[in-house]
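**Q**
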Amino acid sequence: MKTEIAGIKPEITRQIKFDLLRDMLRIRRFEEKSAELYSLGKIRGFLHLYIGEEAIAVGAMRVLKPEDSIVATYREHGHALARGISMGSVMAEMFGKENGCSRGRGGSMHLFDAALKFYGGYAIVGGGLPIAVGLALAARMQKTNSVTACFFGDGAVAEGEFHESMNLAGLWQLPVVFLCENNLYAMGTALDRHQSQTNIAKKAESYGIKSETVDGMDVLAVEEATGKAIELVRATSRPYLIEYRTYRFRAHSMYDAELYRNKDEVELWKTRCPINGLIASMKEDGILNDHDLSEIESSIALEINQAVEYAEAGKWEPLEDLTKFVYTETLNFEL
Amino acid sequence: MNSQITYREAIRLSLREALQNDARVFLMGEDVGRYGGAYACSKGLLDEFGPDRVRDTPLSESVIVGAGIGAALGGMRPIVEVMTVNFSLLALDQVVNNAATLRHMSGGQFSIPLVVRMATGGGRQLAAQHSHSLECWYAHIPGIKVLTPATVNDARWMLPAALKDPDPVFIFEHAMLYPMEGDLDQLQGPADISKAALRREGSDITLITYGGSLFKTLEAADILSKDGIRAEVIDLRILRPLDTETIIESVSRTHRAVIIDEGWRTGSFAAEISAQIMEKAFDQLDYPVARVCSEEVPMPYAKHLEDAALPQPERIVKASREMF
Numbered sequence: 001m002k003t004e005i006a007g008i009k010p011e012i013t014r015q016i017k018f019d020l021l022r023d024m025l026r027i028r029r030f031e032e033k034s035a036e037l038y039s040l041g042k043i044r045g046f047l048h049l050y051i052g053e054e055a056i057a058v059g060a061m062r063v064l065k066p067e068d069s070i071v072a073t074y075r076e077h078g079h080a081l082a083r084g085i086s087m088g089s090v091m092a093e094m095f096g097k098e099n100g101c102s103r104g105r106g107g108s109m110h111l112f113d114a115a116l117k118f119y120g121g122y123a124i125v126g127g128g129l130p131i132a133v134g135l136a137l138a139a140r141m142q143k144t145n146s147v148t149a150c151f152f153g154d155g156a157v158a159e160g161e162f163h164e165s166m167n168l169a170g171l172w173q174l175p176v177v178f179l180c181e182n183n184l185y186a187m188g189t190a191l192d193r194h195q196s197q198t199n200i201a202k203k204a205e206s207y208g209i210k211s212e213t214v215d216g217m218d219v220l221a222v223e224e225a226t227g228k229a230i231e232l233v234r235a236t237s238r239p240y241l242i243e244y245r246t247y248r249f250r251a252h253s254m255y256d257a258e259l260y261r262n263k264d265e266v267e268l269w270k271t272r273c274p275i276n277g278l279i280a281s282m283k284e285d286g287i288l289n290d291h292d293l294s295e296i297e298s299s300i301a302l303e304i305n306q307a308v309e310y311a312e313a314g315k316w317e318p319l320e321d322l323t324k325f326v327y328t329e330t331l332n333f334e335l
Numbered sequence: 001m002n003s004q005i006t007y008r009e010a011i012r013l014s015l016r017e018a019l020q021n022d023a024r025v026f027l028m029g030e031d032v033g034r035y036g037g038a039y040a041c042s043k044g045l046l047d048e049f050g051p052d053r054v055r056d057t058p059l060s061e062s063v064i065v066g067a068g069i070g071a072a073l074g075g076m077r078p079i080v081e082v083m084t085v086n087f088s089l090l091a092l093d094q095v096v097n098n099a100a101t102l103r104h105m106s107g108g109q110f111s112i113p114l115v116v117r118m119a120t121g122g123g124r125q126l127a128a129q130h131s132h133s134l135e136c137w138y139a140h141i142p143g144i145k146v147l148t149p150a151t152v153n154d155a156r157w158m159l160p161a162a163l164k165d166p167d168p169v170f171i172f173e174h175a176m177l178y179p180m181e182g183d184l185d186q187l188q189g190p191a192d193i194s195k196a197a198l199r200r201e202g203s204d205i206t207l208i209t210y211g212g213s214l215f216k217t218l219e220a221a222d223i224l225s226k227d228g229i230r231a232e233v234i235d236l237r238i239l240r241p242l243d244t245e246t247i248i249e250s251v252s253r254t255h256r257a258v259i260i261d262e263g264w265r266t267g268s269f270a271a272e273i274s275a276q277i278m279e280k281a282f283d284q285l286d287y288p289v290a291r292v293c294s295e296e297v298p299m300p301y302a303k304h305l306e307d308a309a310l311p312q313p314e315r316i317v318k319a320s321r322e323m324f
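Line by line, the protein sequences give chains X and U. Here the first sequence is numbered in this note's numbering, starting from 1 and rising by one per residue. Here the second sequence is numbered in this note's numbering, starting from 1 and rising by one per residue.
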């Protein structure tokens, strides 16, 4: 675990760590609540929890600017929350309500927020990468200084769309940062059972794209590496790939019996929990005590309760609106 | 003000105008630049507009279409050329799962002003992998629009209409049409992309078609007229959203309908038209609706076999005569 943040005063370091801890805990508790609500039938469809991987969304999102674009996967509650979509509108979306961030049309796997440049959860593995390349192309052609951050898992690396996207981004030098959350399993297939070259960062080399591997269980390491990568992308308009080594503590989805990995492996990775790790190091540094922690926990519990209330209170889209949003209805679309 | 030009030249004029009129427009596709386009539709545009706006891409259909979607989301007005419908199958994930869905899945937050052009159809002895007419598959998908210009005028004026449309528009250009000459109304302006067109008026039978089959159908109508059968010819022009009204209005006058469609018969677009007529004008029919489609065979290479597999004027005439 990294403990120092280079060049930053201790009191600021403390605040940053507090924020990182709170942001990761928000996701963890939100996901736990989601699992509970799934069991109660409030949330249906597929539900993919981000528990264990929180350090990546939290560390990476903090170094992205409002003008940057985000493309995520179907395991994207954490990214949505870290980007600033409210808990209430994510929860309402999973309830299928009109006040959800996608008006109940998308569900858990398709969270969107145009104002936050959150271009969505993509549920066809690899399908978001070409979109990210296009967003970066637009930014480059418009000569803006924005970067597109594209999250995907190790499973996507086997898709042709990964290779097509890497090649085009490298060839055209587009400002996109490919953020691979390597949790070692493509659903139930282990990395070494689906990749001839298991070092994902290395794959970027063949496309002329700089890359590195980062400990995805260490939020400070994630923040620092991602921050440097994004500034490099911004400065040079060249793509970059980060492979985060991480692990999901829960099943792939709520339907997964986890027959493909053993409990000892899961328990071993849990000892590397990014949240517990940060708590331990902050306590060791004397900048966090149990009272602070329970304050964070109770403020998160309150926020989650309010989010559930917001979702419960939401309306169902009227049936007569069923076929809305297939085509653009507004006549004043900017031509 | 009219002039005679080729279908290919009409498309080139429309691409050139689009690049001139809007700085957000750019072309992207395999061999659209230095090569000038596989069908020479973009010839000369790289020299005129430069490599930033006329972009040669790798052979990566999925990322080409996907990047088009992303660039459209990012405020550009991309025109993507996928060379042919045969290769577009490699991009179907982006079409079906992203282009068609993002607006709906996001609860209406995004529009995707993307135009994708591609050649379609058989007739050039290119065998089973280069002769598909799969626009019917695209027309199946809510969230996108499907245009099939058959005339020089539509080749010229549908593209500006597609660019004005806030949603993804797919344009299918039948490869046999590129060298065809026709009348261009130079002053027309963006086409109406909501209505089918009556290409020939008649009172005895309605022949319904689109794209590359239009001229075969008009030829069949000529032959029928010698028998005293006055055939009306409808060019659908747009497969989605379909202008059912024009079809039903015509069939209600003629009481007979033949649909000519280069797709395979089973699950064809012709089947959809037939069903619409059954649903909305059953009482008007004097004879069951007939379909002239491609035979159920991968396209053969040998010319006599290919000719036999595709709809031809003789088959259209035969199917029509049987109704009298």
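Quick reminder that beta carbons are idealized off the backbone N, C-alpha and C, glycines included. Computed from a predicted structure; not experimentally measured.
Just to confirm, are Lys195/U and Gln312/U a CB contact at a threshold of 8 Å?
**A** No, the Cβ-Cβ distance between Lys195/U and Gln312/U is not below 8 Å.
**Q** Short check: CB of Gly70/U to CB of Pro130/X, under 8 Å?
**A** Yes.
**Q** In the region 78-138 of chain U, which residue ranges form an unbroken beta strand (DSSP E) of at least 3 residues, counting only runs that do not cross its ends?
**A** The qualifying runs are 115-120.
**Q** So, does the CB of Asp192/U fall closer than 8 Å to a CB anywhere in chain X?
**A** Judged by the 8 Å Cβ criterion, Asp192/U is not in contact with chain X.
**Q** Do the CB positions of Leu114/U and Pro78/U come within less than 8 Å of each other?
**A** Yes, the Cβ-Cβ distance between Leu114/U and Pro78/U is below 8 Å.
**Q** For Ser62/U and chain X, any beta-carbon pair shorter than 8 Å?
**A** Chain X, which has a Cβ nearer than 8 Å to the Cβ of Ser62/U, makes this yes.
**Q** Starting from His255/U, trace the alpha helix (DSSP H) both ways and give me its first and last residue.
**A** Neither: His255/U is in no alpha helix (DSSP H) and is coded neither H nor E.
**Q** Would you say Arg75/X lies against chain U (beta-carbon separation less than 8 Å)?
**A** For Arg75/X, the answer is no, since every Cβ of chain U falls outside 8 Å of its Cβ.
**Q** Closest by CA to Val32/U, which one among Gly189/U, Phe49/U, Ala197/U, Met76/U?
**A** Of the candidates Gly189/U, Phe49/U, Ala197/U, Met76/U, the one whose C-alpha sits nearest the C-alpha of Val32/U is Phe49/U.
**Q** Does Met94/X get closer than 8 Å to chain U when you measure Cβ to Cβ?
**A** So, not an interface residue.
**Q** Given this structure, state the Cα-to-Cα distance separating Ala155/U from Cys41/U, to the nearest angstrom.
**A** Near 11 Å, if we compare the C-alpha coordinates of Cys41/U and Ala155/U.
**Q** Give me the Cα-Cα distance between Thr226/X and Ser299/X, rounded to the nearest whole angstrom.
**A** Their Cα atoms are separated by approximately 28 Å.
**Q** Just to confirm the assignment, what range does the alpha helix (DSSP H) spanning Lys210/X have?
**A** Element bounds for Lys210/X: not the alpha helix (DSSP H) but the beta strand (DSSP E), 210-215.
**Q** In the structure shown, what three-state DSSP assignment does Lys145/U receive?
**A** If DSSP states are grouped into helix, strand and coil, Lys145/U belongs with the strands.
**Q** Let's test the definition: count the other Cβ atoms within 10 Å of the Cβ of Gly106/X and tell me whether it reaches 16, buried, or not, exposed.
**A** Under this definition Gly106/X is a buried residue.
**Q** Just tell me which of Gly126/X, Leu135/X, Glu98/X has its CA closest to the CA of Pro318/X.
**A** Pro318/X has its Cα closest to that of Glu98/X, out of Gly126/X, Leu135/X, Glu98/X.
**Q** What span of residues does the alpha helix (DSSP H) with Gly134/X cover, start to end?
**A** Run containing Gly134/X: 128-141, per the alpha helix (DSSP H) assignment.
**Q** Would a check of beta-carbon distances place Ala67/U closer than 8 Å to chain X?
**A** Judged by the 8 Å Cβ criterion, Ala67/U is in contact with chain X.
**Q** Under 8 Å, Cβ to Cβ, is there at least one residue of chain U near Phe18/X?
**A** Chain U, which has no Cβ nearer than 8 Å to the Cβ of Phe18/X, makes this no.
**Q** Short of 6 Å in beta carbon distance, which residues of its chain neighbour Thr198/X, apart from the five on each side in sequence? Order them along the chain.
**A** Around Thr198/X: Leu191, Asp192.
**Q** Under 7 Å between beta-carbons, which chain X residues line up against His325/U? List them in chain order, please.
**A** Residue 325/U lies beyond the residue range present for chain U, which begins at 1 and ends at 324; the question has no answer from this structure.
**Q** Return the first residue and the last residue of the alpha helix (DSSP H) that Asp165/U is part of.
**A** Unbroken run through Asp165/U: none, as it is neither H nor E.
**Q** Residue range of the beta strand (DSSP E) that Tyr244/X falls in?
**A** Segment 240-245, the beta strand (DSSP E) holding Tyr244/X.
**Q** From Gln109/U, Glu322/U, Ile171/U, pick the residue whose C-alpha is nearest to that of Met158/U; which is it?
**A** Minimum Cα distance to Met158/U is reached at Ile171/U.
**Q** Quick one: complete beta strand (DSSP E) runs, 3+ long, within the region 192-271 of chain U?
**A** Runs found: 197-200, 205-209, 231-235, 238-240, 257-264.
**Q** What ranges does the beta strand (DSSP E) occupy inside the region 45-77 of chain X, keeping only unbroken runs of at least 3 residues that lie completely in it?
**A** Whole beta strand (DSSP E) segments, 3+ residues: 69-73.
**Q** Can you check whether the C-beta of Leu119/X is within less than 8 Å of a C-beta belonging to chain U?
**A** Rather than Leu, the amino acid found at residue 119/X in this sequence is Tyr. Chain U contact via Cβ: present.
**Q** Quick one: Cα of Ile193/U to Cα of Leu137/X, how far?
**A** Straight-line Cα distance between these residues: approximately 29 Å.
**Q** Could you tell me which chain U residues have their CB closer than 8 Å to the CB of Ser211/X, listed as they occur along the chain?
**A** Near Ser211/X there are no residues of chain U at all, since even the closest Cβ is about 19 Å away, more than 8 Å.
**Q** DSSP three-state call for Phe162/X: helix, strand or coil?
**A** In the structure shown, Phe162/X sits in a helix (DSSP, three-state: H, G or I).
**Q** Are Thr73/X and Phe178/X closer than 8 Å when you measure CB to CB?
**A** It is not a contact, given that the beta carbons lie outside the stated cut-off.
**Q** Which residues, in order along the region 138-168 of chain U, keep a beta-carbon less than 7 Å from a beta-carbon of chain X?
**A** So the list reads Pro142, Gly143, Lys164, Pro166, Asp167, given in the order they occur along the chain.
**Q** Cβ of Leu171/X less than 8 Å from any chain U Cβ?
**A** At least one chain U Cβ lies under 8 Å of Leu171/X.
**Q** For Arg34/U, which residues in the same chain have their Cβ closer than 7 Å to its Cβ, ignoring the five residues on either side in sequence?
**A** Once the five neighbours on either side are set aside, the close Cβ partners of Arg34/U are Leu46, Asp56.
**Q** Return helix, strand or coil for Arg22/X, following the three-state DSSP convention.
**A** Note: Arg22/X maps to helix in three-state DSSP.
**Q** Using a Cβ cut-off of 8 Å (strictly closer), state whether Pro58/U contacts chain X.
**A** So yes, Pro58/U belongs to the interface.
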